[in-house]
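One structure is given below, encoded as C-alpha cells.
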Amino acid sequence: MESRGYSSPHDWARSFLLAKEESKIMAKMNEKEREEKLYRIRHSLAHIMAEAVLEMFPEGKVAIGPPIDTGFYYDFDLPRPLTPEDLEKIEKRMRQIIAGRYKFERREISEEDAKELFKDQPYKLELIHDIIERGTDEYGEVTEKPVLSTYQQDTFVDLCRGPHVEHTGQIPADAFKLLTTAGAYWRGDEHRPMLQRIYGTAWLNKKELKAHLQWLEDVKKRDHRRLGKELDLFSTNQQLGGGLVLWHPNGGHIRKVMEDFCREEHDKAGYEFVYTPHIGRAWLWETSGHLDFYKENMYTPIDIDGQDYYIKPMNCPFHILIYKSRRRSYRELPMRYAEWGTVYRYERGGVLHGLMRVRGFTQDDAHIFCRPDQMPDEIDKVLQFSLFILRSFGFQEFEAYLSTRPEKAVGEESKWRDAEAALEAALRRAKVPYKIDEGGGAFYGPKIDLKIKDALKRSWQLSTIQFDFNLPERFDMSYIGEDGQEHRPYMIHRALLGSMERFFGVLIEHYGGAFPVWLAPQQVKVIPIADRHNDAAWALASKLKEARLRVEVDDRSDRMNAKIRDAQMQKVPYMVVLGDKEIESDTLSVRLRDGSQKKLSTDAFIAYVQDVIANKALL
RNA sequence: GCCACCCUAGCUCAAUUCGGAAGAGCAACGCAUUCGUAAUGCGUAGGUUAUCGGUUCGAGUCCGAUGGGUGGCUCCA
0 MESRGYSSPH DWARSFLLAK EESKIMAKMN EKEREEKLYR IRHSLAHIMA EAVLEMFPEG
60 KVAIGPPIDT GFYYDFDLPR PLTPEDLEKI EKRMRQIIAG RYKFERREIS EEDAKELFKD
120 QPYKLELIHD IIERGTDEYG EVTEKPVLST YQQDTFVDLC RGPHVEHTGQ IPADAFKLLT
180 TAGAYWRGDE HRPMLQRIYG TAWLNKKELK AHLQWLEDVK KRDHRRLGKE LDLFSTNQQL
240 GGGLVLWHPN GGHIRKVMED FCREEHDKAG YEFVYTPHIG RAWLWETSGH LDFYKENMYT
300 PIDIDGQDYY IKPMNCPFHI LIYKSRRRSY RELPMRYAEW GTVYRYERGG VLHGLMRVRG
360 FTQDDAHIFC RPDQMPDEID KVLQFSLFIL RSFGFQEFEA YLSTRPEKAV GEESKWRDAE
420 AALEAALRRA KVPYKIDEGG GAFYGPKIDL KIKDALKRSW QLSTIQFDFN LPERFDMSYI
480 GEDGQEHRPY MIHRALLGSM ERFFGVLIEH YGGAFPVWLA PQQVKVIPIA DRHNDAAWAL
540 ASKLKEARLR VEVDDRSDRM NAKIRDAQMQ KVPYMVVLGD KEIESDTLSV RLRDGSQKKL
600 STDAFIAYVQ DVIANKALL
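The first sequence: position 616 = 615 (numbering that gives the first Met the number 0), numbered continuously.
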C-alpha cells in the first residue's frame, strides 16, 4: 500500500487540482442532495403534523402544508384556538408516528374519486377544482398536465404532489420542533377565512436543529428594540402613538454621523440639497396621482382656510415643483436633488415593528432629472454610489432584483426597454448578482431593489432605484433641447439607505450594538481606578476631546471591575484604565471591547483610534 | 385591519393546578468602601397589577370593552 501514484510534482499538482474540482462538484451535489432530502423530510413532517392535529380535532379542516426555508408549516381550520400545550401534545404524537415507520404511499386518482375522498374538506375541494380547471397545483404553480395524486401515511391521506420520504422512520425524530402558531388567511387573501398555522423547524440531525435554535436566540439577542433600550438609542411610546420614533442622544448621535457622512458624499457625487415642507395642497397630490393610487397610505387632510392640505407621504412632487420653478435648459441637466425628507404614511396597526416599520420616517431621498443620452451613465453612477455608501457602513454582500414592465403601465414601451437595459447593464458592470422580476415593476417605471445581507445572513431591502414615466407627464415637465424644442426629462427616484429609521434598525442588528468606532456614540471610556486618579482622568479626557474623540470619564466611586463591566455592556470600543502605574509611567492601559489589552502612549492611542475611525473599522 | 398570545416597580420576571395578605434581582437614591481588566457591602425608596366596566363575601388571577405590545397573515422604505 504503497504509493498513491504521484510520480512527479507536476502530476501531484494536477491530481490535487482535479481533486479540488471534484470536491467542488461533490460539494455542489451534496448541497443539492441535502436540499432534496430536507425538502422531503420537511414536507413529510407537515403531513405527520396534520395527522396528529386531525386526531386531536376530527372535525378539523386542513388547508395546505408546504416545506419552507427552515422547516414547514400547515394551515388548519379548527374549532378552537391552539394553545402552547396543544403544540407539545402534537409534537409528542408526531414522534410516535415517526417511530411507527409508516410508508408514504403515492396514488394517482380520478377527479371523481378525489372529490369523494375529500368531500368533507372544502379547502382540498377548492384545490382539486383549481388543479383540474386551471392546471395549477396546490401552490398555485402551473403544472403541465393536471394530475391528482395523494400521499398516505398511517391513517392520513393528503392531496399532494410530493415528494416525500419513503417511510416515517426516515425522519430524524430529534431534529424537528414545533415553534409557533399564527393566523394566516386562506390563500393569503384577507377577504377569506383566517386559518391557524403551525410553524415547525426541521433539520437533518439534532446538531443542526440546535444550531438553528441557537441562531434564533442570537436573533433575539440582537433585536434592535431590545438593544435600543439597553444602549439608550431610541424609544417608542404609547402616549406618543404607534409607529413614531424618539431618537435619544445616543441614537441621535449615530444618525448625525450617518447623515454628515452621506451628505458630504452626496455633495461630492454632484447632488444638490433641497428642503421642502411637510404638507402640501390637495392639488399637488391630485396632480401626482397619489390621491388615486396611494390614498390608503395617506392621512386625512388638514383644513387650512378652506383648502385641504395633506401631510406628505413622499417628497417627489415638491422636488418637481422646484424643477418647474422656471424653464430648464438641456445644459442644466442632469439635476440631482437630494433631501433627507421626513414622510408620514398610514400603516395598519398590526404591521408596525420597532424601527423597521413605522408611520413617520426620513428617507435619504433624491430625484435625478436627466436627458435620455445621460440616462445610462446616471444609472451606472447611482448604483455605484449606492454600493459605495452601503459598503461604508460595513455591508459586503448584495443581491438585486430588477423589476420590469407590468401588464398595465404608463409610458412608451421603447423608453421602458431603454431603462430596463440601462438598469441591467449597470448591475452587470457592478457585478451584483441579480434576479429579474418579470412584470414586477410599478406601473410607472422599472426599478432595481438592492438588498444587503447582514451578519446573521438575513437580507434586507434598502436601496431602490426607480424610474418614473408617470410624474414628468402628469406635471408636464420639460426642458428646452439643443434643437430649441421642448423635451420630457427622465426622472429617477432613488433612496440608498432607504429610511434612516429602518437603516438604523438594520445597523443595530448587524453589529449587535457594537458599532464601528466612527459611529459609536461613545468611543472611549476613561476609568480611574480610585478617586485620587480622577484629576488625571479628566485631564486625559480633555486631551482626547481635543483630538475630536468622543470620551467620557466614569468617576463614580465604584470598583474598577464594575466600571469595566458597565462600559463593556454599553459596548464602548475603548476603555482606558487609569491608576498609579499609568500616571507614573505615562502610558495608557487600553482595554478593547473584545477583551484584549494594549499599552501605549497617549499620542499613539489617539493616532491609533483616528486611524480606525478613518478606515471605518470595528476596533 | 385579521388570528393567537401578552401587559404586575424605571428594566427583567415571581405571586401554589381551581380566586384568599403584591414579591425578587437589576437600575435609582443614601452611607460605608478607594479597589488593577466583566457585578464591593449595607440600607432607603419605588405598585390604584395598562385603562374602564362586570361576576364574587373577596379579583393580579374569571368575563367583557378599550389602549398598547409580541408572533404571524396581508401590505411595505
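Quick reminder that beta carbons are idealized off the backbone N, C-alpha and C, glycines included. Remember, it's a predicted structure, so these values are computed and weren't measured experimentally.
Burial state of residue i (16 or more Cβ within 10 Å)
i, result
"Arg-33", "exposed"
"Ala-113", "buried"
"Phe-292", "exposed"
"Ile-301", "exposed"
"Asp-593", "exposed"
"Val-575", "buried"
"Gly-64", "buried"
"Pro-316", "buried"
"Gly-242", "buried"
"Asp-10", "In this prediction, Asp-10 scores a pLDDT of 46, lower than 50, which makes its location untrustworthy; the coordinate-derived value is nonetheless stated afterwards. Counting Cβ neighbours within 10 Å, Asp-10 comes out exposed, since fewer than 16 surround it."
"Thr-299", "exposed"
"Gly-250", "buried"
"Asp-304", "exposed"
Cα-Cα separation between residue i and residue j, rounded to whole angstroms
i, j, result
"Phe-117", "Val-381", "55 Å"
"Leu-177", "Glu-58", "22 Å"
"Arg-186", "Pro-66", "16 Å"
"Glu-396", "Phe-387", "12 Å"
"Tyr-184", "Val-350", "15 Å"
"Leu-470", "Val-409", "10 Å"
"Leu-124", "Lys-60", "11 Å"
"Glu-104", "His-163", "9 Å"
"Leu-37", "Phe-56", "28 Å"
"Val-571", "Lys-456", "25 Å"
"Tyr-343", "Ser-413", "35 Å"
"Lys-267", "Asp-467", "25 Å"
"Leu-208", "Arg-94", "15 Å"
"Asp-534", "Met-499", "40 Å"
"Pro-515", "Leu-617", "4 Å"
"Gly-340", "Asp-363", "7 Å"
"Lys-615", "Gln-609", "10 Å"
"Ile-108", "Val-156", "12 Å"
"Ser-477", "Gly-353", "42 Å"
"Arg-3", "Leu-203", "Bear in mind that a pLDDT of 34 at Arg-3, under 50, signals an unreliable position, so the model cannot answer this."
"Phe-260", "Ala-418", "30 Å"
"Lys-544", "Val-550", "7 Å"
"Lys-446", "Gln-465", "4 Å"
"Ser-22", "Gln-383", "35 Å"
"Leu-587", "Gln-596", "10 Å"
Closest residue to residue i among the options (Cα-Cα distance)
i, options, result
"Glu-258", "Thr-361, Ser-541 and Ala-51", "Thr-361"
"Glu-54", "Gln-484, Glu-90 and His-532", "Glu-90"
"Ile-582", "Lys-205, Thr-235, Gly-440 and Ala-538", "Ala-538"
"Lys-452", "Ala-26, Tyr-510, Met-476 and Ile-278", "Tyr-510"
"Tyr-400", "Ala-613, Gln-460, Leu-543 and Lys-570", "Gln-460"
"Ala-454", "Val-505, Arg-428 and Ala-425", "Val-505"
"Asp-372", "Met-355, Glu-107, Glu-481 and Arg-191", "Glu-481"
"Gly-161", "Gly-168, Ile-479 and Val-146", "Val-146"
"Glu-437", "Ile-464, Phe-468 and Ser-402", "Ser-402"
"Gly-288", "Met-313, Pro-515, Thr-275 and Leu-208", "Met-313"
"Lys-255", "Thr-235, Leu-518, Ala-418 and Arg-427", "Leu-518"
"Tyr-433", "Tyr-443, Ala-441, Phe-442 and Leu-422", "Leu-422"
"Asp-379", "Gly-353, Asp-579, Ala-424 and Glu-406", "Ala-424"
"Arg-39", "Leu-354, Asp-376 and Thr-69", "Thr-69"
"Arg-347", "Ala-420, Glu-295, Asp-129 and Arg-327", "Glu-295"
"Ser-462", "His-492, Leu-496, Asn-236 and Ser-234", "Leu-496"
"Phe-502", "Lys-205, Asp-585 and Phe-394", "Phe-394"
Distance between beta carbons of residue j and residue i, contact taken as under 8 Å
i, j, result
"Val-244", "Ile-321", "Between Ile-321 and Val-244 the Cβ distance is about 28 Å, and since that is not below 8 Å, they are no contact."
"Leu-577", "Val-525", "6 Å"
"Ile-47", "Thr-167", "6 Å"
"Phe-75", "Ala-201", "Wrong, their Cβ atoms sit about 18 Å apart, outside the cutoff."
"Phe-368", "Met-490", "6 Å"
"Lys-311", "Ile-278", "7 Å"
"Val-552", "Ala-561", "Going by Cβ atoms, the distance from Val-552 to Ala-561 rounds to 15 Å, so no, they are not a contact pair."
Bridge partner(s) assigned by DSSP for residue i
i, result
"Tyr-150", "Arg-105 and Asp-157"
"Gly-182", "Gln-195"
"Ser-584", "Partner(s): none; Ser-584 has no beta bridge."
"Phe-233", "Trp-246"
"Trp-415", "Beta-bridge pairing links Trp-415 to no other residue."
"Ala-201", "Phe-175"
"Lys-60", "Asp-76"
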